[in-house]
Each structure stands twice: as structure tokens, then as C-alpha cells.
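Shown next, in C-alpha cells, is the structure this report addresses.
Chains as they are written, first to last, in the numbering used here: chain Z, 13 to 263; chain E, 574 to 1006.
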């Protein structure tokens, strides 16, 4: 699905990613954990195509395409989805209007017919139920006046609508209470299939009780320094990151 | 001592314009002529014209053109291109001249709608009473050289359901069209008027329009003003509104095209418990210049006024907003709200926004605000990250911004017409869902 090879990225001349390697196959869930400042959100931003970052080395293959050559919108059209850590409020732009525009531009890109208003509304009803998002929120301005939990549920709702091949959840769990966390995780699990993949970026092991990863990676100092299964997350929860830092720094 | 008579630009500008044939009050005409002899085109040193230069209007070689009407047009063509509502009463003017061949011949009971050229001296006796002439070039010019315009008189307690549409077409090269309209809405009457301005194969032409509006006790009037004069033409218009007690007056001013547009909107709220709504949207491109000067003068207590003007300015266009709210000493318990918001889409676009409140009463609720900014780039990125192109993302956000004014339009036909104009000019998809 996605193969990241020796990825180096910097912002304002400061190198954040320093040779990151990662491979995610269809049907898999990968968790990326790591201390503050390790480069977790940078990885998400670089993959989504934020232009502030400069890629100095490395490559990213996304389902046979050179991801780094694609514009942000084309990455989304190819099936990459980023659930934002801080979803943006856009006053006046209605959630449904924006999603219909998005769906239709994606369909146009793929050479498909645009969706009818009737089918679209049926889809909105079906998908908003997955994250228990009130239908009223779907017709309001994007994220405007939404609570923290509603914003994150709205991210997963959008993910459900766009049906991406690869979803990257950037600290989607931060700030959620346990009920909202369950709803979000349930949404992600419902959308999971053998044909898509998920990268979960998180600070807390808690989320991984609900979204069970196939692999857990530790990102530290711009690189993945340790990979394992879900037990690694528990170990990190218990012991923190210092032992890993020590291990890496010893080399 | 020898008096040196110097030809001002004004003198040579008006020299070849035909003097008005309308039966206006003689004193009024004399006074306006005197003003024209004594003043010149205002410069940016004049406070009211600080950000708006009139050089291009002053330079129109008027000697080369005398306003005429006679373009070969059919009703079908007017309906297809300029008529906003199909079930309305339509009155068409070309360069200020009434086109009876393109206009509705009948009007509903209780309404008298006709060109000023068809009015008697008695019927026009009050024209000009509230229009200031001293130092006012365009008002004076309009008075002395008014070609024609509409007289709309709605009798007391008359409800006119269908919108009254006034369509003004500017045609020809170097045309100067002085239009004069007079609207009287009787007590407890209700009407909706659409004033729309277009240019048809016009070039370097200028429309100078004055509309005097009188909204009587407990009357309701909506005026929708749509300015679509094409690139290369100029427009100055003044609405002078008098509002009596318990009256509701709403004016929506949408400037969609035209190289130079200046709107003077003066509303005198003379009676208690009146409501005044002023909404404006201006969407500018290229080198357009649009200047909205509004003034709401609260002279009586217990009134409400709401003003919302929003602008989107692209390329090298410039916008001016000057909104004044006066609250007189005895006008207590006034709620007056004013807001102007602008989005600049290019590094070369400019806005000069000046909200002004002058309050002499001590028990009022008034607020004003002015914001000017750019599109939120983080929001643009968010939309793009969902598969929307950069262009569509920006369009969506601009539409949403201006949509907050457009949604004030109650008339669906007008909303649709406005949307289509904008879609065509800016390649937008939909403005209001």
C-alpha cells in the first residue's frame, strides 16, 4: 500500500525526519508512537502534502505512485486520508456541500460519474450513523461550533464518506473522553477491510485497546527505532520512552 | 476689477448634454445650474472622495455623444438576459430614455408607474426636496440634465405582490445618462422594487442615477439594486430615503461588475419604531473600483438599523466602504448595528473601510465593526486534503463568505439571477445551498 524509504524532511532548515522507513500493506493497522517532538505529526503532514516541509531525501511509493510528486488534492484523490489533529473550522461552508464537492472531484479524477443528490444524502445518513454524528451536524458549517469530540467524529465521518485506501489518524484520540473514543474507534474498525490500511499516530496506548494494531512502531528523533506487535505499546505505557532513548543513544 | 471666468472641467463636461425637459421646480433648476458653474470635479482632497478618483469620468469626451436610445432590442431578448423575475412588472430604460416598446403597459390597481416624462409639474413638485445640491456635483448635474426615470407611486394600503423591475441599459460609446427616479410608498402599503443596471455594447459610458424614496407610515419597501454594468463603464448612484414611523425599509446593493461604481445611500429615519436594513455585497476583479458610502440618520427614538456589507476583492481591484450612523440627541433606545467585512484575494487588492458612529443620545445600543483579511490558508489545505482542488477550495470559501449577505435576499428569482451572474464571472459552482 505504502512504502516509505529513507524519508528526510525539514522545516525552516531544521531536519525533523531523518531517514524514516515504513511499509504498510493492505488490510493492516499500524500504530506509530513516540515522545513529543519525535516527528509523528511531521510524518502525517509530509504524507498529506503540507508545503511548508521540504523533502530533502527519500521516496514514498503509494500503491505504485510516487506520492511526493502529487499535489495534496491528488493524494486525497488517490485514496490517502489524513484525520487532522486539529480539524479546521470553516464558517459558511456546509459539511455536506464540501463533502459533495470533494466526492465529485475525486470521482471526476477517476473518470467516474458524479453522485446524484439522492444517493449522496442516503450516503450521508448511512455514514454519519457509523460515528453517531447527529445529522444536523452534517449540514452545519464545517466544524464550526463543534465540541472537540464532535470534530474528531466529523473527521471519521469524512473518512467514511471518502472511503480512502490509506487513512492516517493524527492523534485522533487526544482530548477525547472514553465515550467519544469508543465511538471514534468503532467507526475506524467498521471501516476497516482487507483492501485498506490505517496508520494510527498516538501518544496514548489507551486508543490501541479499541483499535488493535497489527504493528506498533516507535518514532524517535526522526526515525523508526523500534517495531513490534501490540505488546510493545503496553510496554511503552508501563516503562515510558526513556529505555528506548537510551537504547538508541547508546548506538 | 475684471472677473476671470475660467472653464472648469465640469463646464466642458456638461456643455453638450441636453438640458432636462422634465417639469422640475424652476428654483431647483436654477440652484443646480449655479452649483455646476461654481464647482469642479471633486478630488481626493474632498473627504467624501478621499479614496475615489473621478479622473476617468471627467475625461469622457461628452461632445462626441448625446444620449440616445434606439438599439434594436426585443422583449424576448430583455426577458432572456436582464429580466430577473418572470412574473414582475418590467420597465426598461436605455441611456435614461424610456423604452415603452420593451416595458409593461399596465400596472396593478393602486399603483401608478410611469416615466417622469409622463408626469405633470404638480406630480413632480416634491422632487429634489431632500437632495443636497451645494457642493454636490453629481446631484446638481443630475437635476439639470435628468433625461428621464421612473415614477412609482403606491397608494395607501396597497400591497403589490409582483416585484417592480426597473432595468437600465447603458449603450453606445461615451454616453452620459442622468436618470432620476421617484418612489412613494403610501401608508400601510407594501412593495418590492428591483433596480438593475446593465451595459450592452457600451464603452466608456457613465450612468448617474438618483432615486428619491419616500416610505410612509407603517409601509414596507424592499429595494434590490443590482449593478452589472460591464467593464469600461462608470456608475454613480444616490438613494435618498425618507422613512416615516413604523416603516420598514430594506435595501440590498449587489455590485457584480463595472469598472467604477460609487453608491451614496442616505437614509433619514424620521419616525419612531422604524426598521432599516442595509445589505451589500461587492465582488471585484481586475481593476474595478467600488465605493459604498452609506449614512443612516436616526432622528427618532425606538428604531432599529442593521447594516451588513461584505466584499471580495481580487487582482488590482479596490473597494471603499464608508458607513456612517448618526443618532440624534432625542433618538433614544436605538439599536444600530453595522458590520463591514472584506477578503483580499491578491497582494495588489485594496480596501479602505471606515465605519463611523456619531451618537448624541445616551440610551442606545450601537455597534460597528470592520474586518479585512485573507482566506484562511489552513482551511484551504484542509479542503484540499479532502480531494478538492486549490481553485475550488478558494471558491467554496469565497462563496461561503459572501453567501452570508446573499442569504438576506428573500426573492428566489433574484438570488438565482445573482448566483448565475457570479458563477459565470468567477466560475463558482453554487453560492447558497
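Ideal Cβ placement from N, Cα and C applies to all residues, glycine included. Every value quoted in this text rests on a predicted model; they were computed, and no experiment measured them.
> chain C beta carbons: is any one of them nearer than 9 Å to that of residue 952 (chain E)?
Replying inline: Reference to chain C is not applicable here, since the protein chains of this structure are Z and E.
> When the distance is taken between beta carbons, is residue 139 (chain Z) closer than 9 Å to residue 89 (chain Z)?
Replying inline: In the first chain, counting from the first residue as 1, residue 89 (chain Z) sits at position 77. In the first chain, counting from the first residue as 1, residue 139 (chain Z) sits at position 127. Cβ distance not < 9 Å, so residue 89 (chain Z) and residue 139 (chain Z) don't count as in contact.
> Listing by chain order, which chain E residues have their CB less than 8 Å from the CB of residue 62 (chain Z)?
Replying inline: For this step, residue 62 (chain Z) is matched to residue 50 along the first chain. Within 8 Å Cβ-Cβ: 954.
>> Taking the beta carbon of residue 998 (chain E) as the centre, do at least 16 other beta carbons fall within 10 Å, making it buried, or is it exposed?
In response: Taking the first residue of the second chain as position 1, residue 998 (chain E) is located at position 425. Label assigned to residue 998 (chain E): exposed.
> What residue does the alpha helix (DSSP H) around residue 121 (chain Z) start on, and which one ends it?
Replying inline: Numbered from 1 along the first chain, position 109 holds the residue referred to as residue 121 (chain Z). Where residue 121 (chain Z) is concerned, the enclosing alpha helix (DSSP H) stretches over 107-121.
> Whose C-alpha, out of Z:201, Z:217, Z:216, Z:218, is nearest the C-alpha of residue 210 (chain Z)?
Replying inline: Counting from one through the first chain, the residue named residue 210 (chain Z) turns up at place 198. It is Z:201.
> Where residue 36 (chain Z) and residue 127 (chain Z) are concerned, what is the direct C-alpha to C-alpha distance, given to the nearest angstrom?
Replying inline: Here residue 36 (chain Z) refers to the residue found at position 24 of the first chain. Here residue 127 (chain Z) refers to the residue found at position 115 of the first chain. Near 31 Å, if we compare the C-alpha coordinates of residue 127 (chain Z) and residue 36 (chain Z).
>> Would residue 104 (chain Z) pass as an interface residue toward chain E - the criterion being a Cβ-Cβ separation below 9 Å?
In response: Residue numbering aside, residue 104 (chain Z) sits at position 92 when the first chain is read from its first letter. Interface residue, yes.
>> For a contact defined as C-beta to C-beta under 9 Å, what are the partners of residue 170 (chain Z) on chain E?
In response: Taking the first chain and counting its residues from 1, the one referred to as residue 170 (chain Z) is at position 158. By Cβ distance, chain E contributes 959.
> Tell me which same chain residues have a C-beta within less than 6 Å of the C-beta of residue 912 (chain E), skipping the five on either side of it?
Replying inline: If you number the second chain from 1, residue 912 (chain E) lands on position 339. Excluding residues within five positions, the ones whose Cβ falls inside 6 Å are 881, 942.
> Can a CB atom of chain E be found closer than 9 Å to the CB of residue 44 (chain Z)?
Replying inline: What you label residue 44 (chain Z) is simply residue 32 of the first chain in a count that begins at 1. Not an interface residue.
> How far does the alpha helix (DSSP H) with residue 992 (chain E) in it reach, from first residue to last?
Replying inline: Here the question's residue 992 (chain E) lines up with position 419 in the second chain. Taken as a continuous stretch (DSSP letters only), the alpha helix (DSSP H) holding residue 992 (chain E) covers 985-999.
> Can you tell me whether DSSP reads residue 785 (chain E) as helix, strand or coil?
Replying inline: For the purposes of this step, residue 785 (chain E) is taken as the residue at position 212 of the second chain. Strand.
>> The beta strand (DSSP E) that contains residue 12 (chain Z), what's its start and end?
In response: A query on residue 12 (chain Z) cannot be resolved here, the shown segment of chain Z reaching from 13 to 263 and no further.
> Which residues does DSSP pair with residue 928 (chain E) in a beta bridge?
Replying inline: Translated into the one-based positions of the second chain, residue 928 (chain E) becomes position 355. According to DSSP, which records beta bridges pairwise, residue 928 (chain E) is partnered with E:896.
> For the stretch 219-257 of chain Z, which segments carrying the alpha helix (DSSP H) assignment without a break, of at least 4 residues, lie completely within its bounds, in sequence order?
Replying inline: 242-251
> CA-CA distance, residue 167 (chain Z) and residue 984 (chain E)?
Replying inline: Residue mapping note: residue 167 (chain Z) aligns to position 155 of the first chain, counting from 1. Residue mapping note: residue 984 (chain E) aligns to position 411 of the second chain, counting from 1. Looking at the two C-alpha atoms, the distance is approximately 36 Å.
> Roughly how far, in whole angstroms, is the beta-carbon of residue 871 (chain E) from the beta-carbon of residue 906 (chain E), given that I think they are within contact range, below 8 Å?
Replying inline: The residue you call residue 871 (chain E) lines up with position 298 of the second chain. The residue you call residue 906 (chain E) lines up with position 333 of the second chain. Incorrect: roughly 10 Å between the Cβ atoms, too far for contact.
> In terms of alpha-carbon separation, which member of E:608, E:979, E:648 lies closest to residue 827 (chain E)?
Replying inline: On the second chain, position 254 is the one that residue 827 (chain E) refers to. With distances taken between Cα atoms, residue 827 (chain E) lies closest to E:979.
> Below 8 Å, can you find three or more Cβ-Cβ pairs linking the stretch 241-256 of chain Z to the stretch 65-80 of chain Z?
Replying inline: no
> Between the stretch 77-90 of chain Z and chain E, which residues of the former have CB atoms less than 7 Å from a CB of the latter, in chain order?
Replying inline: 84, 85, 88, 89
> Are residue 755 (chain E) and residue 733 (chain E) touching if we call contact CB-CB under 9 Å?
Replying inline: Here residue 755 (chain E) refers to the residue found at position 182 when the second chain is read from its first residue. Here residue 733 (chain E) refers to the residue found at position 160 when the second chain is read from its first residue. Cβ atoms of residue 755 (chain E) and residue 733 (chain E): not closer than 9 Å.
> the stretch 688-704 of chain E: which residues have C-beta closer than 9 Å to a C-beta of chain Z, in chain order?
Replying inline: none
> Does any residue of chain Z bring its CB to less than 9 Å from the CB of residue 605 (chain E)?
Replying inline: Taking the second chain and counting its residues from 1, one reaches residue 605 (chain E) at position 32. No, its Cβ sits nowhere closer than 9 Å to a Cβ of chain Z.
>> Which of the three DSSP states is assigned to residue 848 (chain E) in this structure?
In response: As a first step, residue 848 (chain E) is located in the second chain; it is residue number 275 there, counting from the start. Correct three-state label for residue 848 (chain E): strand.
>> So, at 6 Å on beta carbons, what are the nonlocal neighbours of residue 652 (chain E) in its own chain, with the 5 sequence-adjacent residues on each side left out?
In response: As a working mapping, residue 652 (chain E) is identified with position 79 in the second chain. None.
>> If you reduce the DSSP assignment to three classes, tell me which class residue 575 (chain E) lands in.
In response: Within the second chain, numbered from 1, the residue matching residue 575 (chain E) stands at position 2. Any reading at residue 575 (chain E) needs caution, since the residue's pLDDT is 45, under 50, leaving its predicted position unreliable; the model's value is listed next. Coil.
> Do the CB positions of residue 955 (chain E) and residue 154 (chain Z) come within less than 9 Å of each other?
Replying inline: If you number the second chain from 1, residue 955 (chain E) lands on position 382. If you number the first chain from 1, residue 154 (chain Z) lands on position 142. Yes, the pair counts as a contact, with Cβ atoms nearer than the cut-off.
>> Can you tell me whether residue 98 (chain Z) is helix, strand or coil according to DSSP?
In response: Along the first chain, read from residue 1 onward, the residue named residue 98 (chain Z) stands at position 86. Reduced to three states, the DSSP call for residue 98 (chain Z) is coil.
> Is residue 974 (chain E) close to chain Z, meaning its C-beta is less than 9 Å from at least one C-beta of that chain?
Replying inline: Residue numbering aside, residue 974 (chain E) sits at position 401 when the second chain is read from its first letter. Answer yes: the Cβ-Cβ gap between residue 974 (chain E) and chain Z drops below 9 Å somewhere.
> Taking just the CA atoms, how far does residue 714 (chain E) sit from residue 577 (chain E)?
Replying inline: Looking up residue 577 (chain E) in the second chain gives position 4. Looking up residue 714 (chain E) in the second chain gives position 141. Only weak support exists for where residue 577 (chain E) lies, its pLDDT of 49 falling under 50; the value from the coordinates is given anyway. Distance between the alpha carbons of residue 577 (chain E) and residue 714 (chain E) is about 23 Å.
> With distances taken from CA atoms, which of Z:150, Z:237, Z:47 is nearest residue 132 (chain Z)?
Replying inline: The sequence position of residue 132 (chain Z) within the first chain is 120, counting from 1. Residue Z:150 is the option with its Cα nearest to residue 132 (chain Z).
>> Just checking: is the beta-carbon of residue 200 (chain Z) within a distance shorter than 9 Å of some beta-carbon in chain E?
In response: Mapped onto the first chain, residue 200 (chain Z) falls at position 188. No, residue 200 (chain Z) lies away from the interface with chain E (no Cβ there is under 9 Å from its Cβ).
> So which of E:848, E:838, E:818, E:859 has the shortest CA-CA distance to residue 830 (chain E)?
Replying inline: Looking up residue 830 (chain E) in the second chain gives position 257. Among E:848, E:838, E:818, E:859, the Cα nearest to that of residue 830 (chain E) is on E:859.
> Is residue 214 (chain Z) close to chain E, meaning its C-beta is less than 9 Å from at least one C-beta of that chain?
Replying inline: Taking the first chain and counting its residues from 1, the one referred to as residue 214 (chain Z) is at position 202. Not one chain E Cβ lies under 9 Å of residue 214 (chain Z).
> Assuming residue 869 (chain E) contacts residue 822 (chain E) under a Cβ cut-off of 8 Å, what Cβ separation, rounded to an integer in Å, is found between them?
Replying inline: Numbered from 1 along the second chain, position 296 holds the residue referred to as residue 869 (chain E). Numbered from 1 along the second chain, position 249 holds the residue referred to as residue 822 (chain E). At roughly 10 Å, the Cβ-Cβ gap does not stay under 8 Å, so residue 869 (chain E) and residue 822 (chain E) are not in contact.
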